[in-house]
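So the structure is just underneath, and the comments pick up after that.
In the working numbering, the protein residues as written are 133 to 294.
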């Protein structure tokens, strides 16, 4: 029997580190606990993929963008900011994985699955590219009188209605 593999890649657990003189140091107790739980000890050689974590302010910008669009563009009316962001990812094909499908009687098509925008799933550089792509799409599709930079600036000062 063949094992079924999931279509969406799961992200690896990430830990936080601080750069010291010639070394990396665990940032917090959680990271230390992860090292102990995996049985790592002094002198072990490990492989790693290093990325710089995202700025919380830039993460807020994404949700402000979603809220601003939900409140000002009819196509997003009634949606929460998270739903708007996921829809933009799919529409703009930014931050998505594409899966090829073949439907009998219809033929081949592509299915887009938006990747997680969480801190653990996407680094700062990737996240900036996704947000920039969303702003370009909004400018082309919904607000042609605004440039992508205008849309990002408006979102950066957006305050959600209470």
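Note that the Cβ used here is the ideal one computed from N, Cα and C, for glycine as well.
Taking a contact as a CB-CB distance under 8 Å, the pair residue 220 and residue 266 counts as one, their CB atoms being some 4 Å apart. For the pair residue 163 and residue 172, the Cα-to-Cα distance works out to about 12 Å. In the assembly as shown, residue 289 is an exposed residue. Its beta-carbon has fewer than 16 other beta-carbons within 10 Å. Beta-bridge analysis with DSSP links residue 280 to no other residue. When C-alpha distances from residue 250 are compared across 165, 217, 212, the shortest belongs to 217. In this structure the segment 221-241 does not touch the segment 193-211; the number of beta carbon pairs closer than 8 Å is below three. DSSP, reduced to helix, strand and coil, places residue 270 within a helical segment of the structure shown.
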